[in-house]
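In full-length UniProt numbering, the protein residues as written are 1 to 518. Quick reminder that beta carbons are idealized off the backbone N, C-alpha and C, glycines included.
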Amino acid sequence: MFAGGRDTSTVINELVAGVGWIDATRINLYFCSLMHSEEDYRALVIAVGLEMAATVLRRLGDAVVLNLEGGDPNQLALIESDAFFLSMLRQDRSWTALRRGSRHFRYVPLVETSDAANSFSMVVDLPSADNRYRVDFDFTKDRLIRDRFAVLIGRNGAGKSQLLLSIIEGLANSNIHLVPRRQKVRFKHDDEGTQKFGAPKFSRIVAFTSTPSDAYPSQIDPWLGIDYQYFSMTQRAQSHFDSLTISLIDCLRDDFRSTFPNIGVSISPSTTTGGRIALLGHILGPLGLWDSLYLPLKTNSESRPYTDFTWNERGYVKVGRRYGEQANLRFYRQIDLTAAPVIFDRSRFEPRHLSSGETAMFRFAAQATAAAENGTLFLFDEPETHLHPHYVSEFVEILHLLLTATKSVAIAATHSAYLVREAPSQRVRVLSVDDRIVSISRPRLQTFGASIDSISKAVFADLEISHQYQTTLQRWVDTLPVDIQIEAVIAEFGEDMNSETLSLVRRLLNTRQRGVGA
């Protein structure tokens, strides 16, 4: 596409008239280009190699390369223009090419994994201990309970986050240094029943963290050998766009490539429900969020035909609206990617205020659905941090639906017994460091569905050690009514307490009630 709005074929014919061809670097007009589909980028890199493909695309002003590397401000302005959006991004495949084409800029072609549920183990040295960490992840198929979700639990400083970072580091083909170490990460994985040395295969790695201070990279260049995407469960920003809004648009416009299995009560591989939007609707529906979800529109007159309601001088449109081809393009162009979507409260005719837990759940569901490919590895670092204990179960249920539909797996690092309760013991590993010696073990009891007290006692052996915060909580519990139940405490104070604090309050209440009854 050339600046000035002239027809591309006309301009090209004029440039090559009488000569047959022209070096793109000698064209004095500003222009940009975009390949038709994500698969075209993959095919080009495989055909001519990464270096040649990058050179060709760079000379052609390719929009994917411009977004990745930057470039002439005039070219960058061109790919942000209405003309580019309404012509070059006419088809949804082109949108996906713009958003995902760069994942194929790699020396070794991306391996698409149909199912990530293969068990693997790893050996790694970490700064938190003098001996090496040896940990296995069991994703053996289990028809009765969740078989795609593994948990690492341990106290702060046990090396949980460093293990997740080491997985990312070890899966890259090139040297990526995320954790100080003396030796490279070593893997062994299951390959159709045979143990083989080498890293397990995943289509991509998606990391979620709850705190902005985490050491996870916001992005990793694809030519380093890993298809990686990072999300914060609490922060809005993804570049200058709202990360939640852009994820919803990705779901809408990348709704054609994959059909996911039915994720109702029984999962039948032969039955499909459609693409990402159907999957997202299934996930958000039970939370009461899907039917009231609206996207923000730009604050101009062109957005009025698409406005379902107006709030604070901004129009909003319900997710899932469809129009004719041209109207659909103009509609997408009027969505404000820098503003946040809202959940509309019909009873009050205004956006509904979401709790921090609801916000985290909503953000996770949309971002994970947009990012997932079949065979994805999801990594979560303390996802329960901003979740009310009730939402921990909801979070894992959402995750279970997503993992099953996309044949993916997940590993979560946590210090919460509430999260451990959602996984069977064969997929839970307890990390403890004593005198700089790490030990990694499987819980002694079946954790799936067990009580919080039982899990805490099995995982943390020193529950009897008194700390100042325990004394403070004991004094506070003593002021509560004698017959109060933990459910009442959660309802009133759950937003102000983390899961571990509520677990301790539960034990203190039980101890007091046993004393009263004696």
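Could you give the distance in angstroms between the alpha-carbon of Asn-67 and the alpha-carbon of Glu-51?
-> 17 Å
Alpha carbon to alpha carbon, how far is Thr-211 from Thr-234? Give it in angstroms, no decimals.
-> 8 Å
Pick helix, strand or coil for Ser-121, following the three-state DSSP scheme.
-> strand
Can you tell me the Cα-Cα spacing of Pro-443 and Leu-431, whole angstroms?
-> 10 Å
With a CB to CB cut of under 7 Å and the five nearest residues on each side skipped, what residues in its chain are close to His-36?
-> Arg-93, Ser-94 and Ala-97
What number of angstroms, rounded off, separates the C-alpha of Asp-7 from the C-alpha of Leu-337?
-> 28 Å
Return the residue from the list Phe-309, Arg-99 and Gly-159 that minimises the CA-CA distance to Phe-349.
-> Phe-309
Pick out whichever of Val-505, Met-122 and Cys-251 has its Cα sitting closest to the Cα of Val-477.
-> Val-505
For the segment 414-495, list the alpha helix (DSSP H) runs that are entirely contained and at least 4 residues long, ordered along the chain.
-> 417-420, 452-459, 468-478 and 486-493
For Tyr-230, which residues does DSSP report across the bridge?
-> Ala-207
What's the gap between the Cα of Val-265 and the Cα of Asp-147?
-> With a pLDDT of 38 at Val-265, under the threshold of 50, the modelled position of this residue cannot be trusted; read the value that follows with caution. Taking the straight line from one Cα to the other gives about 16 Å.
For Asn-156, I'd like the list of residues in its chain whose CB is within less than 8 Å of its CB, leaving aside the five on either flank, ordered along the chain.
-> His-415
Apart from the five residues just before and just after Arg-507, which ones in its own chain have a Cβ nearer than 7 Å to its Cβ?
-> Asp-453
Would you mind working out which of Ser-128, Pro-296, Arg-363 and Arg-204 sits nearest Pro-180, comparing C-alpha positions?
-> Ser-128
Have a look at the DSSP bridge pairing and note the partners of Trp-311.
-> Arg-314
If you follow the beta strand (DSSP E) that Gln-195 is part of, which residue opens it and which one closes it?
-> 194-197
Residues that DSSP places opposite Ala-150 in a beta bridge | Ile-411
From what residue to what residue does the beta strand (DSSP E) around Thr-376 run?
-> 376-381
Contained alpha helix (DSSP H) runs [length at least 4] in the segment 32-113, N- to C-terminal order | 38-48, 50-59, 63-69, 73-79 and 92-100
Chain-order list of residues whose beta-carbon lies under 7 Å from that of Gly-357 (same chain, five-residue window excluded) | His-386, Leu-387, His-388 and Tyr-391
Coarse secondary structure for His-390, derived from DSSP in three states | helix
Simplified DSSP assignment, three categories, for Arg-253 = helix
Start-end ranges of the beta strand (DSSP E) lying completely within the segment 276-353, minimum 3 residues = 293-296, 309-311, 314-318 and 342-345
For Phe-256, is the classification buried or exposed, using 16 other Cβ atoms within 10 angstroms of its Cβ as the cut-off for buried?
-> exposed
May I ask you to verify whether the segment 102-110 touches the segment 61-80, counting CB pairs closer than 8 Å and requiring at least 3?
-> yes
For Tyr-133, which beta-bridge partners are listed by DSSP?
-> Val-124
Return the bridge partner residues of His-177 from the DSSP annotation.
-> For His-177, which the question treats as bridged, DSSP gives no partner whatsoever.
Would you kindly work out how many angstroms separate the C-alpha atoms of Val-48 and Leu-110, rounded to a whole number?
-> 15 Å
Helix, strand or coil: which one does DSSP assign to Arg-182?
-> coil
Can we say the segment 312-321 touches the segment 366-380, given the rule of at least three CB pairs closer than 8 Å?
-> no
Inter-residue Cα distance where the pair is Gly-193 and Ser-425 | 22 Å
Confirm, please, whether the CB-CB distance from Pro-351 to Leu-293 is below 8 Å.
-> no
Beta-carbon proximity list for Glu-464, same chain, < 7 Å, skipping 5 on both sides = For Glu-464, the predicted structure reports a pLDDT of 43, less than 50, and the residue's modelled location is therefore unreliable. A value from the coordinates is still provided. Once the five neighbours on either side are set aside, Glu-464 has no close Cβ partner at all.
What residues in its chain sit with their C-beta under 6 Å from that of Leu-280, if we drop five residues either side in the sequence?
-> Cys-251 and Thr-369
Closest Cα partner of Val-185 within the set Gln-195, Lys-196, Glu-169 and Ser-174 | Glu-169
Determine the DSSP secondary structure at Lys-141, reduced to helix, strand or coil.
-> coil
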